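Let me begin by presenting the structure, written as structure tokens, before commenting on it.
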Amino acid sequence: MAAMFFAAINQTIVSTAMPRIASLLNGMELYTWVITIYMLTSTIATVLVGKLSDIYGRKPFLLMGIIFFMIGAFLCGTSTTIGQMILYRGIQGVGGGIIMATAVTAVGDLFAPRERAKWTGMMMAIFGFSSVLGPTLGGWMVDHMNWEWIFWIFLPIGIIAFAMIWKLFPKPVRNYNEKVDYWGSLFLSLAIIPLLLGFTWAGTEYAWLSWQIIGLFGATVVSLILFILVERKVQSPVLPLSLFRNSVVTISNIAGFLMGAGMLGALIYLPFFVQGVEGISPTYSGYVTMPMSISMIILSALTGRWMTKTGKYKRFALLGMAIMTIGMVIMAYMDNIPVAIVSMIVFGIGLGFGMPVFTLAAQNAVPPSELGVVTASSQLFRNMGSTIGIAVMGSIMISRMSHNITQAMSNIGGGSSPAADPETMQQLQPFLDPQLLTNQPELERLTAALPADLQSAAMQMIGMVRGALSDALTVVFLTGSGLLVVAFILVAFLKEIPLRTAEAPMQTETERESNSSVSSRPSMNEL
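Counting the sequence shown from 1 gives a position; our numbering is that position plus 11.
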């Protein structure tokens, strides 16, 4: 939990401060790379460390992850150029990916699945707590302190986490009979990197059907085919294909993918409504999303305890997906800040029910020897869902806004409004930029610079753009609701295997079904 908090708080505290830092380093044009490089390196590290930790144990990788993260965080604070910041964030991403994957897996080493449920809920609560504290603290620090301390202030927690794991965590058990799957690791990395880059850049840097995006997706397909061919032959695959023949693992991963897309859709696009449509400042905008994190913290901890008490998890997954869907539907039709806050609370309650379930269900469905790879696959699908969900919803929002603005402008152009005059339209052109809605000081400056007789026309145009953004966000949130409905239907088919009270050698799903057809009476070992 200390390692998880260290990695999570350092990530969330940076989120609100990074635009200011990029500006101070004169690198706003490369700002997206600061985010992209962390995402890429952390995702690759998450996948690769899964199998390696199954072979060499969790302890060395937990310690290694903390070291990488601390080095990256310290170096980020010494950056003098945006290039250095990108490089050091890449190092930090390696450490963050290792910590996030290995910390969750380590809980599986320490506790049997039924007891594990309680601690998995606590881990998710720790993650939620960091998402409450981090953005607010980061915004305050970048306004009142040197920005370097944003990366350095929590380094002592990393030292404490390192010392506790070094001293208290059990010694690793190594499996010297297994070999590292180097070719599988290479082709898996070559499949993930262009896939994430393609979805990150599509619709922003390049058009969806541009040769750059098609080329990236083509490289993903080729690498994925080579990866599958390699994994079918190697003795110890980095991501065993047999995992996906297990229905519990497959459904849990797809549901986690869809939940990740829905969660980031709420976190990323709700501020557009608060700041762009309602005109609330960024500082107060954070308070609107805070109730979601608080309700998620409380429900994650409670859900973990309830799963430990009952040994059941499917009911919580179904409840979580249903409540998240209701919360996102409320977002689609919200028209004021109180309704937005209600939608955040409802969505957070659903997240609290759903977040601890899917990794735990996948872990419970495989033998202990595959704990690392199944946890890594769960994290991979959730990360990819977040990235792809943001890209797809962003493209929907942009295309819908363009359509709405074009339609509204055609109405103005054909009417008797003063804004229909071509010379006037030239002066009002800057007010058609939707980004202006989230930059209130610049909006006020541009409005004050206009002649008095045009200011009312400018406000009319701003109202039109706000209406276009509001309508586009409705479509975005309805899309997210649709994804969560699909997740709910998938979870309805999730086979519930009661959480084990002791970690023992397990049968595969096929063997379990075969044995159950022979005799319906449980043996003493099964009891």
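Backbone N, C-alpha and C define an ideal beta-carbon position, used for all residues, glycine too. This one's a predicted model, so the numbers in the text were calculated from it and none came from an experiment.
Its chain contains LEU505 and GLU507 as the residues whose beta carbon lies nearer than 6 Å to that of LYS325, once the 5 sequence neighbours on both sides are disregarded; these appear in chain order. Assigned with DSSP and collapsed to three states, ALA266 falls in helix.
One thing to note: GLY145 has its Cβ within 8 Å of the Cβ of ILE24.
No Cβ-Cβ contact shorter than 8 Å links LEU510 with PRO248. Residues of the same chain with a CB within less than 7 Å of the CB of VAL118, apart from the 5 flanking positions on each side, are ARG127, TRP130, THR131 and MET134 in chain order.
Taken atom to atom, the span from the alpha-carbon of ALA498 to that of MET332 is near 7 Å. SER413 is positioned such that its CB atom lies no closer than 8 Å to that of ILE356. When rounded, the separation of the alpha-carbon atoms in LEU330 and ILE82 is 41 Å. Taking C-beta atoms under 8 Å as the contact rule, ILE48 and ILE97 qualify, at a distance of about 5 Å.
Sequence-distant partners of ILE407 (beyond 5 residues in either direction) whose C-beta falls short of 8 Å from its own C-beta, in its chain, are ALA483, VAL486, VAL487 and THR490.
Nearest to LEU494 by C-alpha distance, out of MET111, ALA266 and SER34, is ALA266.
Taking a cut-off of 8 Å on C-beta distances, the region 333-341 does not touch the region 159-167, as fewer than three cross pairs fall below it.
Look at the beta carbons and you see the region 306-318 touching the region 358-369: at least three pairs across the two are nearer than 8 Å. In the DSSP assignment, TRP163 falls within the unbroken alpha helix (DSSP H) covering 159-163. Around the C-beta of PRO378, fewer than 16 other C-beta atoms lie within 10 Å, and the residue is accordingly described as exposed. Closest in C-alpha terms to SER397, from the list PHE210, ILE236, PHE228 and GLN95, comes PHE210.
In this structure, the CA atom of TRP44 is about 22 Å from the CA atom of GLY76. Counting of Cβ neighbours within 10 angstroms places TRP177 among the exposed residues, the total staying below 16.
Counting the other CB atoms within 10 Å of its CB gives ALA218 a total below 16, which places it among the exposed residues. Of the other Cβ atoms in all chains shown, 16 or more fall within 10 Å of the Cβ of LEU208; this residue is therefore buried. Within 10 angstroms of the beta-carbon of GLU216 lie fewer than 16 other beta-carbons, which makes it exposed. Here the region 51-63 makes contact with the region 372-388; the two share three or more CB pairs at distances below 8 Å. Inclusion of PHE198 and MET15 in the CB contact set at 8 Å is not warranted, their separation being larger than that value.
Between the alpha carbons of LEU250 and GLY363 lies a distance of about 28 Å.
In the three-state reduction of the DSSP assignment, ALA469 falls in the helix class. ILE110 sits away from ALA230, with the two beta carbons spaced by 8 Å or more. Between SER304 and SER142, the C-beta gap is smaller than 8 Å, which places the two residues in contact. The beta carbons of LEU480 and PHE283 sit closer together than 8 Å.
The three-state secondary structure of TYR298, taken from DSSP, is helix.
Around the beta carbon of ASN347, fewer than 16 other beta carbons lie within 10 angstroms, which makes this residue exposed.
In the three-state reduction of the DSSP assignment, TYR217 falls in the strand class, which pools E and B. LEU73 and THR113 have their C-alpha atoms roughly 6 Å apart. Residue state for ALA123 is assigned as coil, using DSSP reduced to three classes.
ASN375 is positioned such that its CB atom lies no closer than 8 Å to that of GLY271. Comparing C-alpha distances from GLN471 to each of SER311, LEU237, ILE416 and GLY322 shows the shortest one belongs to ILE416.
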